[in-house]
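The sequence shown stops at residue 141 when you use the UniProt record's numbering, and every number in between is there.
Have a look at the structure below before the remarks.
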Amino acid sequence: MSVASDAAALLERLRNHSMTTYQHSCNVGNLASALAEGLGMQQDEVNVITLGGLLHDIGKVRVRTSILHKAARLTPAEWEVMRRHPDFGVQILAAVEKFDIIEPLVAYHHERWDGRGYYGLQGNDIPWAPGLLPWPMPSTP
Ligand SMILES: [Fe+2]
């Protein structure tokens with residue numbers, strides 16, 4: 001199977017699990033593509049970033065919808081499950097060797113430049129940041 005058909009199968013699985021997460025993922029994929037193109041990246045890089053955007057939340061297929069769609073604040077136990085969705089995503093993608101290239105995007109998509117993300121990585125320590133941002137970013141105080 002091609003990357004596109006494998007990605008489509010995963011997105012179909014996500015759509016069947018959570019329409020809102022599927023729509024969010026499509027939006028992120030489109031925005032990531034536009035951003036990468038706008039930054040003048042090579043087409044192969046644009047393709048990787050777009051695929052990463054489309055599949056960044058694929059791990060949410062392993063989060064119960066009672067947690068995923070809960071309108072109220074998550075309990076600490078529910079939050080712990082939710083925080084694992086990047087890891088779930090990496091586990092799902094590991095079954096398809098050609099998705100290796102987007103695993104850093106999926107694994108660390110909740111990192112923040114200031115280090116307040118899921119794993120607390122900062123700035124250029126975030127595995128995808130140096131390759132994604134074509135200019136040097138200032139270090140945080
Ligand atoms: Fe996420």
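A virtual CB, placed ideally from N, CA and C, is assigned to each residue, including glycine.
This structure is a prediction, so every number in the text was calculated from the model and none was measured.
> Any heavy atom of ligand 1 within a distance shorter than 7 angstroms of the CB on H85?
Replying inline: yes
> What beta strand (DSSP E) runs, 3 residues minimum, are completely inside the UniProt domain "HD-GYP" (1-141)?
Replying inline: none
> If we call anything under 8 angstroms between Cβ atoms a contact, is I49 one with A32?
Replying inline: yes
> So L55 packs on L93, CB below 8 angstroms; how close in whole Å?
Replying inline: 7 angstroms
> Taking just the CA atoms, how far does K70 sit from L105?
Replying inline: 26 angstroms
> Cβ-heavy atom distance between H109 and ligand 1 below 7 angstroms?
Replying inline: yes
> Whose CA, out of M41, L51, Q42, lies closest to the CA of residue 142?
Replying inline: No information on residue 142 is available, as it lies outside the stretch 1 to 141 that the chain covers here.
> Would T20 pass as a contact of L14 if the rule is Cβ separation under 8 angstroms?
Replying inline: no
> Can you tell me whether K60 is buried or exposed, with buried defined as 16 or more other CB within 10 angstroms of its CB?
Replying inline: buried
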